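Colleague: Each position in the sequence shown, counted from 1, maps to that position plus 6 in this note's numbering.
For every residue, glycine included, the Cβ atom is placed at its ideal position computed from N, Cα and C.
This structure is a prediction, so every number in the text was calculated from the model and none was measured.
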Amino acid sequence: MPSNTEQIKEKLDIVDIISSYIKVEKAGINFKARCPFHNEKTPSFLISPTRQTFYCFGCGEKGDIFSFVEKFEGLDFKGALESLANRAGVELKNFKREDTERSDKKSRMYEIMETATNTFQKYLEQNQANLKYLEKRGLSKNSIDLWRIGFAKDEWRSLCDEMLAKGFSREEMLKVGLIKKIDGEEKYYDTFRNRIMFPIFDIAGRVIAFSGRSLREDEKTPKYLNSPETKLFYKSEVLYGLNVAKNYIRKLDYTVLVEGQMDLLMSHQSGVLNTVASSGTALTEQHLKKLQKLSNRVIIAYDSDSAGEKAAHRAAELALSSDMEVKIVTLPTNEDPASVAKEDPEKWKTALKESKHFIDYILEKTIKENSGKNLAKAIMKEVLPFVHLISSEMEKTQCVKKIALKTKVREDDVWNDLKRIPQLNSTETKESIKNINLNEVSLERIIIGLIFSEEFNNKKSTLKEKWQKIIGKEEIERRLENYAENKEALIFEAEMHLMGGDIKKTEEEIIRRVELEYLKNKLQEIAITLDNQNISKEEEKRAKLDFKNIEEKIKKLTINLIK
Ligand SMILES: [Zn+2]
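#1: Taking just the CA atoms, how far does Ile202 sit from Ile155?
#2: What does the alpha-carbon distance come out to for the pair Leu300 and Phe83?
#3: Do you know whose CA, among Lys387, Tyr61, Thr56, lies nearest Ser50's CA?
#4: Report back the beta-carbon spacing between Ala288 and Ile306 to the nearest angstrom; my notes put them in contact at under 8 Å.
#5: Tell me whether Met572 is buried or exposed, calling it buried when 16 or more other Cβ atoms sit within 10 Å of its Cβ.
#6: In whole angstroms, what separates the C-alpha of Lys348 from that of Met272?
#7: Tell me, please, whether the segment 200 to 215 touches the segment 232 to 251 by the rule of three or more beta-carbon pairs shorter than 8 Å.
#8: What is the residue span of the alpha helix (DSSP H) that Pro351 lies within?
#9: At the level of alpha carbons, what is the spacing between Ser175 and Leu245?
#10: In angstroms with no decimal places, state the Cα-to-Cα distance between Glu558 and Ile457.
#11: Just how far apart, CA to CA, sit Arg114 and Leu381?
#12: Is the CB-CB distance between Ile53 and Asn36 below 8 Å?
#13: So does Phe43 have its beta carbon nearer than 7 Å to some heavy atom of ligand 1?
#14: What is the rounded straight-line gap between the Cα of Leu18 and the Cα of Phe74?
#15: Quickly, what does DSSP pair Val332 with across the bridge? List them, please.
#16: Tell me whether Gly183 is buried or exposed, calling it buried when 16 or more other Cβ atoms sit within 10 Å of its Cβ.
#17: What does a CB cutoff of less than 8 Å around Glu173 pick up in its chain, not counting 5 residues either side in sequence?
#18: Let me know the secondary structure DSSP gives His394 once reduced to three states.
#19: How big is the Cα-Cα spacing for Gly455 and Val21?
#20: Using three-state DSSP, classify Glu31 as helix, strand or coil.
#21: Cβ of Cys62 versus every heavy atom of ligand 1: is any distance shorter than 7 Å?
#22: Out of Thr512, Glu131, Arg548, which has the shortest C-alpha to C-alpha gap to Lys147?
#23: Secondary structure at His363, three-state DSSP: helix, strand or coil?
#24: Applying the 10 Å Cβ sphere with the 16-neighbour rule, what's the burial state of Thr2?
#25: What's the call for Lys38, buried or exposed, on a 16-neighbour Cβ count within 10 Å?
#26: On the DSSP bridge assignment, give the partners of Gly218 in chain order.
#27: Beta-carbon separation of Ile453 and Ile497 under 8 Å?
#28: CB-CB under 7 Å to Ile477, same chain, minus the five flanking residues each way: which ones, in chain order?
#29: In chain order, what residues of the same chain lie with their CB nearer than 6 Å to the CB of Glu79, ignoring the 5 residues before and after it?
#30: CB-CB under 7 Å to Ala325, same chain, minus the five flanking residues each way: which ones, in chain order?
#31: If you pair each beta-carbon of the segment 350 to 370 with each one of the segment 273 to 282, do three or more pairs fall below 8 Å?
#32: What first and last residue would you give for the beta strand (DSSP E) that runs through Ile409?
#33: Where DSSP assigns a beta bridge to Val213, which residues make up the other side?
#34: Okay, do the segment 129 to 143 and the segment 152 to 169 touch, 3+ Cβ pairs below 8 Å being the bar?
#35: Taking the alpha carbon of Gly95 as the point to measure from, which residue in Lys112, Leu258, Lys15 has its own alpha carbon closest?
#36: Closer than 6 Å by C-beta to Phe198: which residues in its own chain qualify, once you throw out the five before and the five after it? Chain order, please.
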């Protein structure tokens, strides 16, 4: 009986799986893409349909469908296994040893969160007043069910007791942040009390945390309370709604980014399904990395108050420095996406349609706010720092032209001002990307890659035999051993290099070149021997003969190469 992983691998093709997440194009016998695991402009991420593997020359990420889904979706092995089993239509049997080896202990934590979510949902069902409250805020019953919104009772231990009865221990509940312990005592109480509970999902739709909105309107109680960071929940990485929005972001090729949960819920309810929320924390680079895997374009729609505006500018700054295309929505004073969408979903959609490129927006705003004052100075302070973040020279030029036109300043002067903008994030040097130029790959790497590839296909390696005749068996084994760690990379390198060519012919040429290189080295060695003062007459004679022979051979090989 084949294992779960074997069965799934048999049914799914790595190219299909990966191309359901990112854009993939044919490259010889392989496929290539822009790596989803590091930031790059030219594709160095390769997929092999024959070996069912992927490899990135930029960041070294490699593996099979399971590692890809694990990494891309941010899942553990079991999560990836379930997701792929689902797609393959394979029913998961008891985990075989090889499966469990890759699985980890998070599954129990997910189970607790799932049970807690069900419990909170049940409490809400039993509480008509709170259901009415949510409906008054604009949420449909459908949205409440879809987003699994619940209620935490105004009691100290209702959740804890119910979970204990279901077989979960206090330690387990502590680990996921559902209960708290009183210092120095063996006393526990529920973290969330008298709050509307919004489950926070990971990209695969599993509950990893909660955000609870207080139903008490006093000033002492924080309005929103989030789960603490746990092994499942890293605030700076989670985007609320991404589990639903991911497919739409990919399809529509842009993200709508809002701040709060209600903004997200109302936006989705209006049919804008590519919306995500940073929810309770400031936007981070990790958030943007997740979005960039799906699309490089983002529309920022934050509250229209001054705090919202500030946060929006900060988000735009981050997105621009990540080379994203950034637009921004302007909402009427004292409105937020939730209130606009609640009033009229069409009004919300229109606001999105009318979103402006961030630079245009900030330029117009600065001009409007500084009429009659020192505009050049304001532009320098408010606009140019953002232009400075744009890495594309073409885009930058367009911005400069626009600024010059709108402010009636000479383009050269704008450029000069731009050059004076101090490096905003001078401490954060951008991760340097090692891009291998495949044309510079050494012959040795190619020949070893080809040998690995032949070995993979269980072919008898003729290349190895030929090479062996030149440099000897021991030497070959030593070199193969050296490269064993990078097998996958070398195979891809060789395949890229030979792309479109006649493999047999190329192999012959490679062997000839390798021999040539070898002979030239030999020649050098002999020259060094001959230089040695202490050499005997006998030795000198033999060395000179060798030298002549090798020179002959090289001449022959070179003529062949030219032909
Ligand atoms: Zn990469």
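Modeller: Judging by the given coordinates:
#1: 7 Å
#2: 22 Å
#3: Tyr61
#4: Contact flag wrong, Cβ pair sits at about 13 Å.
#5: The chain is shown from 7 up to 569; residue 572 falls before or after that span and cannot be answered.
#6: 7 Å
#7: yes
#8: 351 to 359
#9: 29 Å
#10: 29 Å
#11: 60 Å
#12: yes
#13: Phe43: yes, Cβ under 7 Å from ligand 1.
#14: 13 Å
#15: Val332 pairs with Val304.
#16: buried
#17: The amino acid at residue 173 is misidentified as Glu; the sequence shows Gly. Closer than 8 Å at the Cβ level, and outside the excluded window around Gly173, lies no residue.
#18: The answer is helix: DSSP assigns His394 an H, G or I state.
#19: Going by the C-alpha atoms only, they are around 21 Å apart.
#20: Strand at Glu31.
#21: Flag set: Cβ of Cys62 near ligand 1.
#22: Glu131
#23: strand
#24: Because residue 2 is not part of the residues shown, which for the chain are 7 to 569, the question remains open.
#25: buried
#26: Met203, Leu231, per the DSSP bridge assignment.
#27: no
#28: Taken in chain order, the residues that qualify are Tyr524.
#29: Ile209, Ala210
#30: Leu294, Val304, Val332
#31: yes
#32: That residue, Ile409, is in no beta strand (DSSP E); its alpha helix (DSSP H) goes 399 to 413.
#33: Phe207
#34: yes
#35: Lys15
#36: Cβ within range, chain order: Ala158, Gly218.
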